[in-house]
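See structure below.
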Amino acid sequence: MPHPATVVPEIAPHLKRLLDFVDPQPGDVCLDVARGRGPLPAVLAPRVRRLTAVDAARDGRAFRTGPIRMPGDSLPAPDAPSPRADEAVHETVRADATALPYPDGSFTLVTARFALYAPGAPHDVLRELLRVRRPGGRLVLADLVRGNLAGTSRDRIERLRDPDHPGIPTIGSLTDMVTAAGATIRRLDVFTVERPAEPWLADAPDPDAADRVREELLDEVDGGPATGAKPRIIGGELWFTQTWAHVLC
């Protein structure tokens, strides 16, 4: 049953889209794996029987998006729920996503938001997520992708910002990896979002690299070479575009 003291926060449109895709059930025993403390556990916890949130960040750097715009949004939507919503999470632990400390088939629902590629071993992370998923249960992956015909310019920008970035997979390579692991894809949702550039650049290990990326994005806004990030100015701030995918298997 939902936690009796839980206050369910107002949910940003992009997070509600993921929540609707996940379709949590009151009887679910859920595991959420994320890089840092993301917003998904707080909105999932009131809707499931029990939720364990795993922080799998190896370097202490959480995945933070800042405000998000989706097609049709009139205003940017924040990525994080209200602070009180975090009280709904039943358990939060630190763990290695490639070696989760749970027996096989422990969870009816497993979610991973921007955590599959972060440790640099996506096949091992996927293996673990599938291992702890109960037979007949659901695994939902939410991650960055690029179009199957997209060039490598978008990856170049990511690696310029962070040389250790694992790269953005194509939609096809992500779905192929899932099926190669023995899972069946039941649903797929691919869509575009816009994010402010400054929170993303603030996570760059090297400020000089962040400056070079910023210069390239602003140069494109002024008519310079395309970076693949489709930057533009919104409300006096620099924003850029990403493609996100939700995969149910």
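Using the UniProt record's numbering, you'd call the opening residue of the sequence shown number 1 and step up by one each time. Heads up, the beta-carbon is just placed ideally off N, CA and C, and yes, glycines get one too. All values reported here derive from a predicted model rather than from experimental measurement.
Check, Outcome
"Which word fits D28, buried or exposed, when buried means at least 16 other C-beta atoms lie within 10 angstroms of its C-beta?", "buried"
"Keeping to the same chain, check which residues put their C-beta closer than 7 Å to that of T92; ignore five residues upstream and five downstream.", "A53 and D55"
"Could you tell me which residues DSSP pairs with V48 in its beta bridges?", "Beta-bridge pairing links V48 to no other residue."
"Which of the three DSSP states, helix, strand or coil, is assigned to R84?", "Confidence at R84 is low in this model, with a pLDDT of 46, below 50, so its placement is unreliable and the value that follows should be read with caution. R84 falls in the helix class under three-state DSSP."
"If you follow the alpha helix (DSSP H) that A180 is in, where does it begin and where does it stop?", "I171 to A180"
"Using CA coordinates, which residue listed in V132, D96 and Q25 is at the minimum distance from G36?", "D96"
"Report all residues from its chain with a CB closer than 6 Å to the CB of D124; omit the five preceding and five following residues, and keep chain order.", "T98"
"For the alpha helix (DSSP H) containing P199, name the first residue and the last one.", "A197 to A202"
"Secondary structure at A95, three-state DSSP: helix, strand or coil?", "coil"
"Can you find the residues in the same chain that come closer than 8 Å, C-beta to C-beta, to E158, ignoring five residues on each side of it along the sequence?", "H165, G167 and I168"
"Along the chain, where does the beta strand (DSSP E) that runs through H246 open and close?", "E237 to L248"
"Taking 6 Å as the cut-off, is the C-beta of P46 nearer than that to any heavy atom in the ligand SAH?", "Here there are no bound small molecules, and the ligand SAH is not part of this structure."
"Who are residue 278's beta bridge partners in DSSP?", "Limits of the chain in this structure are 1 at one end and 249 at the other, which puts residue 278 out of reach."
"Thinking C-beta only, is R133 closer than 7 Å to L126?", "no"
"Let me know the secondary structure DSSP gives A53 once reduced to three states.", "strand"
"CA-CA distance, V178 and R113?", "15 Å"
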